[in-house]
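Before any comments, here is the structure.
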Amino acid sequence: MRFRDYIKDHALIITVYAASLIVIEIFLKAFGTNVQAMGVVAAVFILMAFVVHIYDLRRRKRFYDVLETSVKELDKKYLLPEVLDEAHFLDGKILSDTLQDCGKSMTENVTSEKRKMQSFREYIELWVHEIKLPVSALNLMCHNNKEIDPKMKVQLKRIDDYIDNVLYYARSENAEKDYIIKETPLNRAFSAAAGKNREELQLLNATIKASNLDVSVMTDGKWLEFIIGQLLDNTIKYRDEEKALEIRVSTKKENGKTELIYEDNGTGILKEDLPRIFEKSFTGSNGRETQKSTGMGLYIVKNLCDRLGHTIRAESEKGKYTRFTITFADNDYYCR
Amino acid sequence: MNTILIIEDDIALREELNTLLTNSGYNVKMITEFIDVTEQMKKISTDLVLLDITLPNENGEAILQQYRKSSDTPVIMLTSRTGDMDEVLSISYGADDYITKPYNPTILLLRISAILKRTAKTVKALSYRDVKVSVAKGSLTREDKEQILTKNEMLIFRHLLDHVGEIVSRDDLMTVLWDNDEFLNDNALSVNISRLRGKLEDLGLTDAIETRKKQGYILR
């Protein structure tokens, strides 16, 4: 709050003061009061007005300066009512009371939405567990009844994949901790994920070269299995029909941290798309070409990695390869 | 013949499991009333239990905990929950294995036979006709001739041997290999089988592995 703005804001009052003073002086003149007395009256009048308004300006300035800087500096602006000093003038009090009320109502609103989200998420989890039962039964039926077309199994696998996508999307968006970080052998997670995609990989006659997977990392086994499953899924989706599909998986120790390197020889990703592939709903040119992309897979993967404390990065050259590197924090990080 | 007890409340799933296990040569028993499951379990003599985690009235993990107080029969937990938390909990309560739905039937059978082999009271030496099979050394010995098998060849040979006289599909062999971190493709499987055949022939066993077109292989 600047002095100049304050004066501008009080232009009307100042005009009234000036007019009153002129009227008083005219009256005094008319009653024949001497010039000294008129001067004293004018001086007292102006001084009083000055003192009152300086006082008023100061208390307002104190309040509104805090308000303005707080709004600028707070990254969570809705906390504003919490940082405000008490106002010692009427409209300031009204303002801060109103802010408090708004804040309270907002908090209630957010809490109720959070509760709704939570119950929705719980329902999704429940639903996923329920729908897995008929999927399992169908899976067994396909196996028990040799006359059933094996193509049905591939479709069942797709259904199961989509179900997992929903489950892990719900999990990755949830703020609560619902994973366990423990020592997990990488080869177990990889072979579980690869085993699920075996039929399709075999139909494509894919070559998988796995090396150095005989290490353990600190992660959640199920989440990691899903992450690797998504990478395999992308490899299958964005394969280069001209080449024999090849997947290389290996690990490397880098500054005491274990890195899982996953590479395929698929269509690759355009350079301009590469920085955005982990964004939600980003499909890029590959997605547009195949029409199979939802832009969710890698977004969920990134989200899960962030929550587990892993980092994931992608490198690619169009028409040559795509390589994902997942870095796991070293074991000490969790032990400490 | 080994007996397996199925505790699963989803009827369709229970019946399919029954078919799967019966077809694979197991004697199957089932619990169909889910009241006092632990008491019922104690009365049934079985070699292995397949226990669902989400049962009506009771929780499979609690049942397992109770059951473990009086029995050390192997238990495989089946679940549609997909959290590591449940797995850790089940294993700490004494489960021998933990499989999430929808499971691959071949892998389920593999896990069952692995656990049954581990707990079998009599350890019989592995042999095929007059060939001694040493899994540890990875070798086959007949009279004074010895053949060293690679890991893949041994996995294939053992699976055929477990199902001697039955048709084993290529798909089943692939499942076994992939489950053991050997990610072979179709060509590689054919190569491995013909190498295995060659090694068996060197031991004097010609036509030990027979090919059934579009069905798979039989170890004679």
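Residue numbers (the numbering used here), protein chains in the order written: chain A, 151 to 486; chain B, 2 to 221.
Idealized CB from N, CA, C, for every residue including glycine.
Ordered along the chain, which non-local residues of its own chain (more than five positions away) have a Cβ less than 6 Å from that of Leu201 of chain B? For the purposes of this step, residue 201 of chain B is taken as the residue at position 200 of the second sequence. Only residues of its own chain outside the window of five on either side were considered, and among them Ala209 have a CB closer than 6 Å to the CB of Leu201 of chain B, listed in chain order.
In whole angstroms, give me the CA-to-CA distance for Lys222 of chain A and Asp456 of chain A. Counted from its first residue, the first sequence places residue 222 of chain A at position 72. Counted from its first residue, the first sequence places residue 456 of chain A at position 306. Distance between the alpha carbons of Lys222 of chain A and Asp456 of chain A: 29 Å.
Find the residues of chain A that neighbour Gly26 of chain B, judging by a C-beta separation of less than 8 Å, and give them in chain order. As a first step, residue 26 of chain B is located in the second sequence; it is residue number 25 there, counting from the start. In chain order: nothing, as chain A lies at least about 14 Å away.
Mind checking whether Tyr178 of chain A and Met188 of chain A have CB atoms under 8 Å apart? By 1-based counting over the first sequence, the position of residue 178 of chain A is 28. By 1-based counting over the first sequence, the position of residue 188 of chain A is 38. The identity of residue 178 of chain A in the sequence shown is Leu, whereas the question assumes Tyr. Closer than 8 Å, so yes.
Among A:Leu353, A:Arg265, A:Glu349, A:Gly406, nearest to Asn324 of chain A - alpha-carbon criterion: In the first sequence, counting from the first residue as 1, residue 324 of chain A sits at position 174. Cα-wise, what sits closest to Asn324 of chain A is A:Arg265.
Report the partner residues of Tyr218 of chain B according to the DSSP bridge assignment. Position 217 of the second sequence, counted from the first residue, corresponds to residue 218 of chain B. Note: Tyr218 of chain B sits in a beta bridge opposite B:Val169, B:Thr212.
Residue-level contact to chain B via CB, Asp299 of chain A, 8 Å cutoff: Within the first sequence, the letter at position 149 stands for residue 299 of chain A. By this cut-off, Asp299 of chain A is not an interface position.
Nearest candidate by alpha-carbon position, reference Ile274 of chain A, set A:Gly242, A:Lys307, A:Thr477, A:Arg321: Start at 1 with the first residue of the first sequence, and residue 274 of chain A comes out as number 124. Selected option, being the one with the closest Cα: A:Arg321.
Between the Cα of Ser93 of chain B and those of B:Leu56, B:Met78, B:Gln216, B:Thr142, spot the shortest distance and give me the residue it belongs to. By one-based count along the second sequence, residue 93 of chain B stands at place 92. Among B:Leu56, B:Met78, B:Gln216, B:Thr142, the Cα nearest to that of Ser93 of chain B is on B:Met78.
Can you give the Cα-Cα distance for Leu14 of chain B and Asn259 of chain A, rounded to whole angstroms? Here the question's residue 14 of chain B lines up with position 13 in the second sequence. Here the question's residue 259 of chain A lines up with position 109 in the first sequence. Taking the straight line from one Cα to the other gives about 43 Å.
Using a threshold of 8 Å, state whether the C-beta atoms of Thr47 of chain B and Leu6 of chain B are closer than that. Here residue 47 of chain B refers to the residue found at position 46 when the second sequence is read from its first residue. Here residue 6 of chain B refers to the residue found at position 5 when the second sequence is read from its first residue. Yes. Within cutoff.
Determine the direct distance from the alpha carbon of Pro106 of chain B to that of Lys387 of chain A, and round the result to whole angstroms. For the purposes of this step, residue 387 of chain A is taken as the residue at position 237 of the first sequence. For the purposes of this step, residue 106 of chain B is taken as the residue at position 105 of the second sequence. So the two alpha carbons sit approximately 26 Å from each other.
Anticipated Cβ contact below 8 Å, Gly217 of chain B with Val177 of chain B, distance rounded: For this step, residue 217 of chain B is matched to residue 216 along the second sequence. For this step, residue 177 of chain B is matched to residue 176 along the second sequence. No, Gly217 of chain B and Val177 of chain B are not in contact; Cβ-Cβ is about 12 Å, not under 8 Å.
Does the beta-carbon distance from Val50 of chain B to Thr74 of chain B come in below 8 Å? As a first step, residue 50 of chain B is located in the second sequence; it is residue number 49 there, counting from the start. As a first step, residue 74 of chain B is located in the second sequence; it is residue number 73 there, counting from the start. Their beta carbons are under 8 Å apart, which means Val50 of chain B touches Thr74 of chain B by this criterion.
Within 8 Å (strictly less), CB to CB, does Gly84 of chain B reach chain A? As a position in the second sequence, residue 84 of chain B is number 83, starting the count at 1. Output row for Gly84 of chain B: interface = yes.
Integer Cβ distance of Thr475 of chain A from Glu375 of chain A, believed to fall under 8 Å: The residue given as residue 475 of chain A occupies position 325 in the first sequence. The residue given as residue 375 of chain A occupies position 225 in the first sequence. The pair is not a contact, with the Cβ atoms about 18 Å apart (cut-off 8 Å).
For Glu144 of chain B, which of helix, strand or coil comes out of DSSP? As a first step, residue 144 of chain B is located in the second sequence; it is residue number 143 there, counting from the start. Glu144 of chain B falls in the coil class under three-state DSSP.
According to DSSP, is Pro300 of chain A helix, strand or coil? Residue 300 of chain A sits at position 150 when you count from the first residue of the first sequence. Pro300 of chain A falls in the coil class under three-state DSSP.
In three-state DSSP terms, what is Pro106 of chain B? For the purposes of this step, residue 106 of chain B is taken as the residue at position 105 of the second sequence. In the structure shown, Pro106 of chain B sits in a helix (DSSP, three-state: H, G or I).
Using the beta-carbon count (16 or more within 10 Å), is Ile397 of chain A buried or exposed? Within the first sequence, the letter at position 247 stands for residue 397 of chain A. Classification of Ile397 of chain A: buried, given that the 10 Å Cβ count is 16 or more.
What does the alpha-carbon distance come out to for the pair Lys214 of chain B and Arg171 of chain B? Counting from one through the second sequence, the residue named residue 214 of chain B turns up at place 213. Counting from one through the second sequence, the residue named residue 171 of chain B turns up at place 170. If I take the Cα positions, the gap works out to 11 Å.
Got a sec? Which residues, its chain only, sit under 8 Å from Arg210 of chain A by beta carbon, not counting five neighbours each side? Looking up residue 210 of chain A in the first sequence gives position 60. The residues are Met151, Tyr156, Phe239, Gly242.
Give a yes or no on whether the minimum CB-CB distance between Leu283 of chain A and chain B is below 8 Å. Counted from its first residue, the first sequence places residue 283 of chain A at position 133. Output row for Leu283 of chain A: interface = yes.
Euclidean distance between Cα positions of Arg154 of chain A and Ile164 of chain A: Here residue 154 of chain A is taken as the residue at index 4 of the first sequence, counted from 1. Here residue 164 of chain A is taken as the residue at index 14 of the first sequence, counted from 1. Each residue's Cα considered, the two are about 13 Å apart.
Please check if any C-beta of chain B sits within less than 8 Å of the C-beta of Ala339 of chain A. The count along the first sequence starts at 1 and reaches residue 339 of chain A at position 189. So no, Ala339 of chain A is outside the interface.
Return the chain-ordered list of same chain residues with a C-beta closer than 6 Å to the C-beta of Leu354 of chain A, the five sequence neighbours on each side being excluded. The residue given as residue 354 of chain A occupies position 204 in the first sequence. So the list reads Leu395, once near-sequence residues are dropped.
Find the nearest neighbour of Gly459 of chain A within the set A:Val304, A:Ala169, A:Lys332, A:Lys282, judged by alpha-carbon distance. Along the first sequence, one-based indexing puts residue 459 of chain A at 309. Nearest option by C-alpha distance: A:Lys332.
Cross-strand partners of Ile358 of chain A (DSSP beta bridge): Counted from its first residue, the first sequence places residue 358 of chain A at position 208. A:Ile397, per the DSSP bridge assignment.
Under the rule that 16 or more other beta-carbon atoms within 10 Å means buried, what is Leu65 of chain B, buried or exposed? Locating residue 65 of chain B in the second sequence gives position 64, counting from the first residue. Result: buried.
How is the alpha helix (DSSP H) around Ser170 of chain A delimited, first residue to last? Numbered from 1 along the first sequence, position 20 holds the residue referred to as residue 170 of chain A. Start and end: 161 to 180.
Boundaries of the alpha helix (DSSP H) in which Thr257 of chain A is found, first to last residue: For this step, residue 257 of chain A is matched to residue 107 along the first sequence. Note, Thr257 of chain A: alpha helix (DSSP H), 240 to 294.
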